[in-house]
Amino acid sequence: MASGGLDSTVLAYWLREKGKNVLPLFINYGQHCTKTERETLERLLPTEYVESIRTVNISDIYINSKSRMIVEPNLWEDDVSADDLYLPYRNLLFLSVAAAVAQSEGITEVYSAFINSNHAKEIDCGVSIVSWTLLS
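With numbering that gives the first Met the number 0, the residue at position 84 of the sequence shown is 83, and numbering never jumps.
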């Protein structure tokens, strides 16, 4: 999975260093910054991966969400809190999409990276829930 953020960019370079074949998966979940994320991904990703970026559109899932990840805030006027960024099961949804794409393509490994900040209340990206979900 690749978004152009620090976590997925570092992961892409680490995978390249390890000699892994990479299918970068960009997930459009309706985030207000989709275009910027995609452009950043194309700019920062190792050049040999850019042509193989696969985009999956799941934006209908959060179409009625009030999350500020979906509805762009005016940062000059709106007081945005961590609670305003919450999207239910976002990371588990991403991992499920990535696993489905991987299995359909005959890919046996899925990689994802998470920054330990949790400003968006990402209760579904801890080691315990990811390990339980994927290994159960």
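Just so you know, even glycine gets a beta-carbon here, dropped at the ideal spot from N, CA and C.
- The segment 39-121 contains, as complete alpha helix (DSSP H) runs of 4+ residues, the segments 46-49 and 89-104 (chain order).
- Between the alpha carbons of residue 74 and residue 80 lies a gap of roughly 11 Å.
- Rounded to the nearest angstrom, the gap between the Cα atoms of residue 42 and residue 15 is 16 Å.
- Excluding residues up to 5 positions away in sequence, 30, 84 and 86 lie with their Cβ nearer than 6 Å to the Cβ of residue 68 in the same chain.
- Residue 45 holds the alpha-carbon nearest to the alpha-carbon of residue 18 among 60, 63, 99 and 45.
- With respect to the 8 Å criterion, residue 10 and residue 112 are classified as neighbours on the basis of their beta carbons.
- In the three-state DSSP reduction, residue 5 falls in the helix class (H, G or I).
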